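Student: In my numbering, the protein residues as written are 27 to 622. Note that the Cβ used here is the ideal one computed from N, Cα and C, for glycine as well. Remember, it's a predicted structure, so these values are computed and weren't measured experimentally.
1. Rank 191, 206, 510 by C-alpha distance to the C-alpha of residue 220 and give the top, closest one.
2. Are there 16 or more other CB atoms within 10 angstroms of the CB of residue 403, so buried, or fewer, so exposed?
3. Do residue 237 and residue 193 count as a contact pair if the criterion is CB distance below 8 angstroms?
4. Under 7 angstroms Cβ to Cβ from residue 119, same chain only, skipping five residues before and after it: list those, please.
5. Please state whether DSSP places residue 175 in a helix, a strand or coil.
6. Less than 8 angstroms between the beta carbons of residue 519 and residue 609, yes or no?
7. Any idea what DSSP makes of residue 381, helix, strand or coil?
8. State the DSSP-derived secondary structure class of residue 576, mapped to helix, strand or coil.
9. Scan the region 405 to 464 and note each continuous alpha helix (DSSP H) run of 4 residues or more that stays entirely inside, going in chain order.
10. Just mark residue 591 as buried or exposed, buried being the case when its beta carbon has 16 or more other beta carbons within 10 Å.
11. Assign residue 526 to one of three DSSP states: helix, strand, or coil.
12. When burial is assigned at 16 or more other CB atoms within 10 Å of the CB, is residue 250 buried or exposed?
13. Could you check how far apart the C-beta atoms of residue 509 and residue 588 are, in whole angstroms? I think they sit under 8 angstroms.
14. Please say whether residue 389 and residue 170 have beta carbons closer to each other than 8 angstroms?
15. Using the Cβ count rule (16 or more neighbours within 10 Å means buried), how would you classify residue 65?
16. If you count every other CB in all the chains shown that lies within 10 Å of the CB of residue 204, and 16 or more means buried, which is it?
17. What are the boundary residues of the beta strand (DSSP E) that residue 555 is part of?
18. Contact check, residue 84 vs residue 148 under 8 angstroms by CB: the rounded distance?
19. Which first and last residues belong to the alpha helix (DSSP H) in which residue 90 is found?
20. To the nearest whole angstrom, what separates the beta carbons of residue 600 and residue 495, a pair I think is in contact under 8 angstroms?
21. Taking the beta carbon of residue 352 as the centre, do at least 16 other beta carbons fall within 10 Å, making it buried, or is it exposed?
22. Using 10 angstroms around the beta-carbon of residue 616, count the other beta-carbons present and answer buried if the total reaches 16, otherwise exposed.
23. For residue 165 and residue 474, what's the separation of their Cα atoms in angstroms?
24. Name the DSSP bridge partner or partners of residue 625?
25. By the three-class DSSP mapping on this structure, what secondary structure does residue 317 have?
26. Contact defined as beta carbons within less than 8 angstroms: I believe residue 409 pairs with residue 356. What is the distance between those atoms, to the nearest angstrom?
27. Starting from residue 192, trace the alpha helix (DSSP H) in both directions and tell me its first and last residue.
28. Tell me which same chain residues have a C-beta within less than 8 angstroms of the C-beta of residue 100, skipping the five on either side of it?
29. Can you grab the Cα-Cα spacing for the pair residue 186 / residue 459, in whole Å?
30. Where does residue 544 sit, in a helix, a strand or coil, going by DSSP?
31. Is the Cβ-Cβ distance between residue 314 and residue 383 less than 8 angstroms?
32. Would you kindly report the start and end of the unbroken alpha helix (DSSP H) that includes residue 401?
33. In whole angstroms, what separates the C-alpha of residue 445 from that of residue 569?
34. Under 6 angstroms Cβ to Cβ from residue 6, same chain only, skipping five residues before and after it: list those, please.
35. How far does the alpha helix (DSSP H) with residue 59 in it reach, from first residue to last?
36. Is it true that the region 372 to 382 meets the region 416 to 424, where meeting means three or more beta-carbon pairs spaced less than 8 angstroms apart?
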């Protein structure tokens, strides 16, 4: 009965979120309603085809960002009000609140217009970094906004926030599983079909208004004092007797590897970056929580020495990152890894010199790192473009192919340099706009003819310089089928003229060109085609720039003759056969639907 009472009490408290944060809840509900409209119209949630996105999806993301910004501003005002001690302070705070409200509204409208409503496509190029960077940065800001003026109890305050998040997510997931089970039972036992749209809409409602309502109803107040907060005994035991020993063993293994590469004079493996970066981030989180444990000698020793011990390991990680950057230049992924490493390093330096502080600086560093990495002149997007431009310029100058910043075509260069030029141009045309490159025409299309005209050689450079290339989708991520109604699987070889028909769709290959046709009446009409080598070249670029390949990175999207289509590659392989030739093999899903 006690459990039922607690659950009922929590659900009843959810209405307090509307009283305390009415604007935030209103914006979340508006965002959820817009997402439901998108679901009803079978539209996609993420980037792609020009003209595909209605106002609904744009407003959905706009209201979501507005809700997070409203939450940040509300929490800041809450903390500001608590800091007022005199009438003069109260009057000053009123002026600050008016100014912040006006500026934040102008900023929000400007970002919405620039990122969400001006571009015909959604979240392409730097816009996705700006939007999600702001979303994450403001979310991180919500951790400390209310405690900027009084933060001696900040560790307990943040633990309370994450406890509230855990409770709200738990309730939402349990409700979701329960309702999905009911839908399934209705379908199987009563024969009543439940549309996928019902499932998706239920997910949106439970994970947005319901989840956020419970979360905000339990959100700690800035006026509450948590100075006497103590971790529960089970949590303390988990940290002291399980987590701390695991971290000690793990860093010992890293030091053994460190010693190995020094003795053998090896270059650190690229994998060391992932192993260290995630470990260091979890270590920063653990050190934060350890601030509430003061009665354990083990914990005191860990807090005193571990941030110092981990710094040489961080140095090794930076060496591995910089080594890769010197070889291939900076890409967005490498920039974010570097930024995460800087965040972890600064946090550990803070722990070394300010062991008795409130730790509010940690989320401030996190928010600053996220915002700097995604906005402004030194964002990941802009720095990556500049780095690849410099890398291209270096190769062109080395081969006397630059004259007054203009490219001079030449075929008399090494295959290795040809390969690098191809990779850079592929990267700049896939991940960036051509005009962002200093050496490509503003309207450049990366076709065989244009490439050869500009650089003097074919981008089908000698395969003797290329390693065999392969990719296999392991089924560890879902495929977004929103807006599509049919899924078919095909496979092709570039050296075999072949065709396969499924329903009204026919896929054929001829000299490495894959053509997709659709039967209308008795005649097949071409929908689109693609060069198999272009797909493999894109894979090669992604393998250089990304640590992991995401399905959507390789997909081909478009629409033709009233049909919207997407090609998702599940297996790719390229093997060199003889000078200048190679064989490509690919297996893919052709996913289609009617254009709305």
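Tutor: In this structure, then:
1. If you number the chain shown from 1, residue 220 lands on position 194. Closest option to residue 220, Cα to Cα, is 206.
2. Your numbering for residue 403 matches position 377 in the chain shown. Exposed, since its Cβ has fewer than 16 Cβ neighbours within 10 Å.
3. Taking the chain shown and counting its residues from 1, one reaches residue 193 at position 167. Taking the chain shown and counting its residues from 1, one reaches residue 237 at position 211. No, these two residues do not count as a Cβ contact at 8 angstroms.
4. Counting from 1 along the chain shown, the entry for residue 119 is found at position 93. Here the set comprises 106, 107, 110.
5. Along the chain shown, one-based indexing puts residue 175 at 149. Residue 175: coil per DSSP, three-state reduction.
6. In the chain shown, residue 519 corresponds to position 493, counting from 1. In the chain shown, residue 609 corresponds to position 583, counting from 1. It is a contact, given that the beta carbons lie within the stated cut-off.
7. As a position in the chain shown, residue 381 is number 355, starting the count at 1. Note: residue 381 maps to coil in three-state DSSP.
8. Your numbering for residue 576 matches position 550 in the chain shown. Three-state result, residue 576: coil.
9. 406 to 424, 441 to 456
10. To locate residue 591, count along the chain shown from 1; it is residue 565. Buried.
11. Locating residue 526 in the chain shown gives position 500, where the first residue counts as 1. Looking at residue 526 - three-state DSSP - the assignment turns out to be strand.
12. The residue labelled residue 250 in the question sits at position 224 within the chain shown. It counts as exposed.
13. Here the question's residue 509 lines up with position 483 in the chain shown. Here the question's residue 588 lines up with position 562 in the chain shown. Their Cβ separation, rounded to whole angstroms, is 14 angstroms, which puts residue 509 and residue 588 out of contact at 8 angstroms.
14. Here residue 170 corresponds to residue number 144 of the chain shown, with the count starting at 1. Here residue 389 corresponds to residue number 363 of the chain shown, with the count starting at 1. Yes, Cβ-Cβ distance for residue 170 and residue 389 is below 8 angstroms.
15. Indexing the chain shown from 1 puts residue 65 at position 39. Looking at its Cβ environment, which holds 16 or more other Cβ atoms inside 10 Å, residue 65 is buried.
16. The residue given as residue 204 occupies position 178 in the chain shown. Counting Cβ neighbours within 10 Å, residue 204 comes out exposed, since fewer than 16 surround it.
17. Along the chain shown, one-based indexing puts residue 555 at 529. Element bounds for residue 555: 549 to 557.
18. By one-based count along the chain shown, residue 84 stands at place 58. By one-based count along the chain shown, residue 148 stands at place 122. Correct: roughly 7 angstroms between the Cβ atoms.
19. Translated into positions along the chain shown, residue 90 becomes position 64. Residues 81 to 109.
20. Mapped onto the chain shown, residue 600 falls at position 574. Mapped onto the chain shown, residue 495 falls at position 469. Right, their Cβ atoms sit about 4 angstroms apart.
21. Walking along the chain shown from the start, residue 352 turns up at place 326. It counts as exposed.
22. Taking the chain shown and counting its residues from 1, the one referred to as residue 616 is at position 590. The residue in question, residue 616, is buried, as its Cβ has 16 or more Cβ neighbours within 10 Å.
23. As a first step, residue 165 must be located in the chain shown, where it is residue number 139. As a first step, residue 474 must be located in the chain shown, where it is residue number 448. C-alpha separation (whole angstroms): 45 angstroms.
24. In the structure displayed, the chain extends from 27 to 622; residue 625 sits before or after that span and is not available.
25. In the chain shown, counting from the first residue as 1, residue 317 sits at position 291. If DSSP states are grouped into helix, strand and coil, residue 317 belongs with coil.
26. Counting from 1 along the chain shown, the entry for residue 409 is found at position 383. Counting from 1 along the chain shown, the entry for residue 356 is found at position 330. 6 angstroms between Cβ atoms; contact.
27. The residue you call residue 192 lines up with position 166 of the chain shown. Counting along the chain, the alpha helix (DSSP H) containing residue 192 begins and ends at 180 to 216.
28. Taking the first residue of the chain shown as 1, we reach residue 100 at position 74. The residues are 47, 49, 50.
29. Sequence index remark: in the chain shown, residue 186 carries index 160 (1-based). Sequence index remark: in the chain shown, residue 459 carries index 433 (1-based). If you take the alpha carbons of residue 186 and residue 459, they lie about 44 angstroms apart.
30. In the chain shown, residue 544 corresponds to position 518, counting from 1. Note: residue 544 maps to strand in three-state DSSP.
31. By 1-based counting over the chain shown, the position of residue 314 is 288. By 1-based counting over the chain shown, the position of residue 383 is 357. No. Outside cutoff.
32. The residue you call residue 401 lines up with position 375 of the chain shown. Per DSSP, residue 401 belongs to no alpha helix (DSSP H) and is neither H nor E.
33. Translated into the one-based positions of the chain shown, residue 445 becomes position 419. Translated into the one-based positions of the chain shown, residue 569 becomes position 543. C-alpha separation (whole angstroms): 14 angstroms.
34. Since the first residue of the chain shown is 27 and the last is 622, residue 6 is not available in this structure.
35. Within the chain shown, numbered from 1, the residue matching residue 59 stands at position 33. Residues 48 to 66.
36. no
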